[in-house]
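Trainee: Numbering (the working numbering), first residue to last: 251 to 519. Idealized CB from N, CA, C, for every residue including glycine. Here you go, one structure.
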Amino acid sequence: MRPFSHAHTVDDLKTLLLLTTGYNFLHGTYDTIEKAYKNFLINSGSPQLVAVGLSSDQKDCLHAAYEGGAKKYGLNWIPKLRDLPIGSCPMCGNLTLGTVEHYLPKTPFPEFSVFSWNLVPSCSSCNQKRGSKHVNGISQKLLHPIFDSVLLHKLRLVTRFNTSDAVTQFKLGYNESEFDIAEQCRISAHIKMCIDQRAFKLATKVQLSMTAARVANKDECLWRTVIQDELSIMEAANLTYGWGASCLRGLLETNHMPLNMILTPKILE
Ligand SMILES: [Zn+2]
Numbered sequence: 251m252r253p254f255s256h257a258h259t260v261d262d263l264k265t266l267l268l269l270t271t272g273y274n275f276l277h278g279t280y281d282t283i284e285k286a287y288k289n290f291l292i293n294s295g296s297p298q299l300v301a302v303g304l305s306s307d308q309k310d311c312l313h314a315a316y317e318g319g320a321k322k323y324g325l326n327w328i329p330k331l332r333d334l335p336i337g338s339c340p341m342c343g344n345l346t347l348g349t350v351e352h353y354l355p356k357t358p359f360p361e362f363s364v365f366s367w368n369l370v371p372s373c374s375s376c377n378q379k380r381g382s383k384h385v386n387g388i389s390q391k392l393l394h395p396i397f398d399s400v401l402l403h404k405l406r407l408v409t410r411f412n413t414s415d416a417v418t419q420f421k422l423g424y425n426e427s428e429f430d431i432a433e434q435c436r437i438s439a440h441i442k443m444c445i446d447q448r449a450f451k452l453a454t455k456v457q458l459s460m461t462a463a464r465v466a467n468k469d470e471c472l473w474r475t476v477i478q479d480e481l482s483i484m485e486a487a488n489l490t491y492g493w494g495a496s497c498l499r500g501l502l503e504t505n506h507m508p509l510n511m512i513l514t515p516k517i518l519e
């Protein structure tokens, strides 16, 4: 996961004014939605917020405005979120992007459908995994790429390898010791809710194969240096938060024997 900068040039309240005057069904809703959005900002997008209860016609208008990304409502910035050059998905760390995520889902919370603090670039697999589950009733608040930027700047994903079985197992972890218990609970819940395990496993296998190819002709005593160099290149290329970097950090955390057990089968493949 990674912090993400807000598009400060976006004027959400101007958009709201244009929508509530442009769509007949939304006439008279400006004050209610403005109040709800201010509450959203004060509470950092808490899923415990109560939806304002818009009618299905009003919901349809806001969803249509979101899907259309219309310039006349000042929404042409939304499609551009998909192509932002930020390297990895802010919600899960996948190295692909391509969709836009509603931090508070747009079905239960149509009032926040087009607001900039509720929209973040995302990959399709974690977007689908989360669906509309992130609402009132979940035990932990998901990490928000803007509201939680201080915490996210400290967070480093680390893939943890277990070589005690015949086939190496691995799972996504992070630098736990730098966080207090409450933060650890939140981060763990976020990982559980957002990370598509299939996509993560596939990406890790690809990274392991690439690393194995890099170390294949080198003396084993040089493997760590090769991996460290590869990690440094990734970090310089703005890929610090992705699963590739996470995999390399995990390899550097292992001892000599496990490292050999993880990479040698890949070299032989
Ligand atoms: Zn993702």
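Would you be able to state if there are at least three C-beta pairs under 8 Å between the stretch 317-331 and the stretch 418-432?
Mentor: No, the stretch 418-432 does not touch the stretch 317-331.
Trainee: Would Thr-270 pass as a contact of Thr-279 if the rule is Cβ separation under 8 Å?
Mentor: Yes; because the gap between Cβ atoms is below 8 Å, this pair is in contact.
Trainee: How about the stretch 362-374 and the stretch 315-324: do they share at least three Cβ pairs that are nearer than 8 Å?
Mentor: Counting Cβ pairs under 8 Å, three or more are found: they touch.
Trainee: Can you look up Val-408 in the DSSP assignment and give me helix, strand or coil?
Mentor: Three-state result, Val-408: strand.
Trainee: Which residues neighbour ligand 1 when neighbourhood means a C-beta less than 6 Å away from any of its non-hydrogen atoms? List them by chain order.
Mentor: Having a Cβ closer than 6 Å to some heavy atom of ligand 1 are Cys-339, Met-341, Cys-342, Asn-344, Ser-372, Cys-373 and Cys-376.
Trainee: Just the Cα atoms here: how many angstroms apart are Ile-433 and Thr-475?
Mentor: The sequence given here places Glu at residue 433; Ile does not occur at that position. Glu-433 and Thr-475: Cα-Cα distance of roughly 32 Å.
Trainee: What does a CB cutoff of less than 7 Å around Ile-477 pick up in its chain, not counting 5 residues either side in sequence?
Mentor: Closer than 7 Å at Cβ, skipping near neighbours: Thr-461, Leu-498, Leu-501 and Leu-502.
Trainee: Please return the same chain residues whose Cβ sits closer than 8 Å to the Cβ of Lys-468, not counting the five positions on each side in sequence.
Mentor: Counting only Cβ-Cβ distances below 8 Å, and skipping sequence neighbours, we find Val-476.
Trainee: Could you please give me the residues that DSSP links to Val-370 through a beta bridge?
Mentor: Partner(s): Glu-351.
Trainee: Cα-Cα, which of Pro-395, His-384, Leu-268 and Asn-425 is closest to Lys-322?
Mentor: Of Pro-395, His-384, Leu-268 and Asn-425, the residue nearest in Cα terms is Leu-268.
Trainee: Straight-line CA distance for Leu-304 to Ser-294?
Mentor: Roughly 21 Å between the two C-alpha positions.
Trainee: Between Thr-454, Leu-452, Ala-486 and Asp-415, which has its C-alpha nearest Pro-508's C-alpha?
Mentor: It is Asp-415.
Trainee: For Arg-332, count neighbouring Cβ atoms within 10 angstroms of its own Cβ and tell me buried if that reaches 16, exposed if not.
Mentor: Exposed: under 16 other Cβ atoms inside 10 Å.
Trainee: Could you pull out every residue in the same chain whose Cβ sits closer than 6 Å to the Cβ of Cys-342, ignoring the five residues on either side in sequence?
Mentor: Result list for Cys-342: Cys-376, Cys-444 and Ile-445, in chain order.
Trainee: How big is the Cα-Cα spacing for Asp-262 and Lys-285?
Mentor: Whole-angstrom Cα-Cα distance: 13 Å.
Trainee: Select from Cys-373, Pro-358 and Ser-438 the residue whose C-alpha is nearest the C-alpha of Cys-339.
Mentor: Cα-wise, what sits closest to Cys-339 is Cys-373.
Trainee: Less than 8 Å between the CB atoms is what I'm expecting for Ile-431 and Leu-393, so what's the real figure, rounded?
Mentor: Not quite, the Cβ-Cβ distance comes to about 16 Å (not below 8 Å), so this is no contact.
Trainee: Tell me the start and end of each unbroken beta strand (DSSP E) in the stretch 478-514 that is at least 3 residues and wholly inside, in chain order.
Mentor: Listed in chain order, nothing qualifies, since the stretch 478-514 has no complete beta strand (DSSP E) run of 3 or more residues.
Trainee: What do you reckon, are the CB atoms on Leu-345 and Gln-308 nearer than 8 Å?
Mentor: In this structure, Gln-308 does not lie closer than 8 Å to Leu-345 by Cβ.
Trainee: Between Leu-489 and Gly-337, how many whole angstroms is the CB-CB distance? I'm expecting something under 8 Å.
Mentor: So it is a contact: roughly 5 Å between Cβ atoms.
Trainee: Just how far apart, CA to CA, sit Ala-538 and Asn-274?
Mentor: The structure shown does not extend to residue 538, since the chain spans only 251 to 519, so no value can be given for it.
Trainee: If you measure between the beta carbons of Ala-463 and Gln-390, is that distance less than 8 Å?
Mentor: No. Outside cutoff.
Trainee: Quick one: what does DSSP say Tyr-424 is sitting in, helix, strand or coil?
Mentor: Strand at Tyr-424.
Trainee: Could you tell me the alpha carbon to alpha carbon distance between Met-251 and Gly-492, rounded to whole angstroms?
Mentor: Cα-Cα distance, rounded: 7 Å.
Trainee: Could you pull out every residue in the same chain whose Cβ sits closer than 7 Å to the Cβ of Phe-254, ignoring the five residues on either side in sequence?
Mentor: Here the set comprises Ile-336, Pro-340, Val-370, Pro-395 and Ile-396.
Trainee: Specify the secondary structure class of Gln-390 as computed by DSSP and reduced to three states.
Mentor: The answer is coil: DSSP assigns Gln-390 none of H, G, I, E or B.
Trainee: For Gln-419, which beta-bridge partners are listed by DSSP?
Mentor: According to DSSP, which records beta bridges pairwise, Gln-419 is partnered with Asn-412.
Trainee: Look at Pro-360 and His-384 and say whether their C-beta atoms are less than 8 Å apart.
Mentor: Result no, Cβ atoms of Pro-360 and His-384 do not sit closer than 8 Å.
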